[in-house]
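Just so we're aligned, residue 1 is where the sequence shown starts under my numbering, counting upward by one.
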Amino acid sequence: PLVQRFGAGAALVLLLLAGFVGHVLAALAHDARHVAVGASTAAFGAVGILAALRLVPGEAPTRAKRWTAPVAGVLLLVTLGAAPGADLTAHAFGFLAGAALGFGAGVAVRQRPRPLIQWTLGTLAAIAVVACWRLAWHA
């Protein structure tokens, strides 16, 4: 649904931003000794984006109530994000960041960006991932 709504490049950027913002907020909430790494924050960001898109005015109506997707997203966060040893703070902030980004993008982007913009966004997302891995590898 994210790729259908925004296109592949824009969806990748949204997912990376949700993961990044979620990790930054979680780092601010924890003390300096806390170490966290993983893509699960971005995964919960994706859940937040999908849940928030159901609340955007003008989105395609369905038979289900508007609140079902956000409630289902919170239930996923509680059941999967709070497993023993999981970083619930990062998961929750990823979900919230994704919800904010998803709602904002849903309101601001009314039609899927053109292919050139998709390729540009996808390339920027790939560069960001490679740069982060390079920084981590050489740290």
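Beta carbons: idealized from backbone N, C-alpha and C, even for Gly.
Here the structure is a predicted model, which means the values were calculated and not measured.
Is it buried or exposed, residue i, if we count other Cβ atoms within 10 angstroms and call 16 or more buried?
| i | result |
| --- | --- |
| I49 | buried |
| L78 | It is worth fixing the name first, because residue 78 is Val in this sequence and not Leu. So V78 counts as exposed. |
| Q111 | exposed |
| R66 | exposed |
| T89 | buried |
Just how far apart, CA to CA, sit residue i and residue j?
| i | j | result |
| --- | --- | --- |
| R114 | P84 | 43 Å |
| L140 | H138 | For residue 140 there is no data in the structure shown, the boundaries of the chain being 1 and 139. |
| G19 | A131 | 15 Å |
| R5 | W133 | 29 Å |
| I127 | P57 | 33 Å |
| I117 | A86 | 36 Å |
Assuming contact is defined by CB atoms lying nearer than 9 Å, are residue i and residue j in contact in what I supplied?
| i | j | result |
| --- | --- | --- |
| A29 | F93 | yes |
| V21 | G45 | yes |
| S40 | G81 | yes |
| L2 | L16 | no |
Please confirm if the region 70–77 is in contact with the region 1–19, defined as three or more CB-CB distances below 8 Å between the two stretches. Here the region 70–77 makes no contact with the region 1–19; the two share fewer than three CB pairs at distances below 8 Å.
Between the region 100–109 and the region 23–39, do at least 3 Cβ pairs fall closer than 8 Å? A contact is defined here as three or more CB-CB pairs under 8 Å, and the region 100–109 fails this definition with respect to the region 23–39.
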